Amino acid sequence: MEVAASAVETNGSVLDNFSIEVTDMDFANKARNLAAITYVSGYCAHTELKKLSCTACRANLVLERDIHVENSDIIRSMNRGGLKFPQPAVVNAVVTTEIVLDKLRSEKYATQFHGLPNQKAALLTLTHNILDDSNDLDVCDSGHSPQLVMRHILSAATNIVLNNYCKTKNDQLVLKKLTQKRKMKTLKH
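Residues in the sequence shown are numbered consecutively from 70, following this note's numbering.
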């Protein structure tokens with residue numbers, strides 16, 4: 070993963086093609102999905118803690134208490150006692166990843182983004198560059214840098230949002246084929 074991300078970083082022409090800015094309005098538009106984003110953020114923090122096996126990073130990534138999010142039915146229904154409640158920096162990283170993907174799949178960038186050989190590396194690098202200025206994580210007692218920890222969190226978030234995007238696109242294609250098949254059937258009769 071690091072090699073692929075580095076390849077995109079060094080190829081400045083790829084990143085120059087995407088002048089993506091994340092605004093406060095983008096965050097406001099994601100507010101209605103905050104409960105689901107928080108749940109995904111908790112999963113990203115959980116995967117990071119499994120990768121690093123670092124107790125010092127735990128305080129950087131998760132809260133020891135429950136959090137209160139409006140419309141948090143999804144969190145309550147999924148919690149069986151072991152759910153991780155992420156720090157705001159982790160939630161911010163996941164929200165930013167979603168926003169960047171939304172912009173990449175917009176009409177302006179979709180053709181360029183879909184034509185890239187490694188969309189994950191591009192999304193990961195663009196998001197990491199946006200978050201680099203506002204990284205709220207601290208260096209842990211074991212010496213894990215905030216950039217390393219954030220890279221792992223963003224990798225998990227990128228996998229999730231791209232997986233969801235691919236499933237949505239596939240579902241749309243299947244529905245389109247079904248609709249066309251149904252139309253052809255009615256035209257034949």
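From the three backbone atoms N, C-alpha and C, an ideal C-beta is built for every residue, glycine too.
For clarity, every value in this text was computed on a predicted model and none was experimentally measured.
Three-state secondary structure assigned by DSSP to residue i
i, result
"PHE154", "strand"
"VAL208", "coil"
"VAL169", "helix"
"ASP85", "helix"
"VAL159", "helix"
"VAL218", "helix"
"VAL109", "helix"
"VAL259", "There is simply no residue 259 to check, as the chain begins at 70 and stops at 258 in what is shown."
"ARG174", "coil"
"SER224", "helix"
"HIS213", "coil"
"GLU117", "helix"
"CYS126", "helix"
"LYS257", "helix"
Segment limits, alpha helix (DSSP H) that includes residue i
i, result
"LEU185", "Counting along the chain, LEU185 falls outside any alpha helix (DSSP H), and DSSP gives it neither H nor E."
"ASN98", "93-98"
Exposed unless 16 or more other CB atoms sit within 10 angstroms - verdict on residue i
i, result
"THR107", "buried"
"LYS172", "buried"
"PRO157", "exposed"
"VAL109", "buried"
"SER224", "buried"
"GLY111", "buried"
"HIS183", "exposed"
"VAL243", "exposed"
"CYS235", "exposed"
"GLU167", "buried"
"MET94", "exposed"
"GLU176", "exposed"
"ALA100", "exposed"
"GLU90", "exposed"
"LEU193", "buried"
"LEU170", "buried"
Legend entry - Contact the region 203-219 vs the region 121-129: 3+ CB pairs below 8 Å: Cβ pair count under 8 Å is three or more, so yes.
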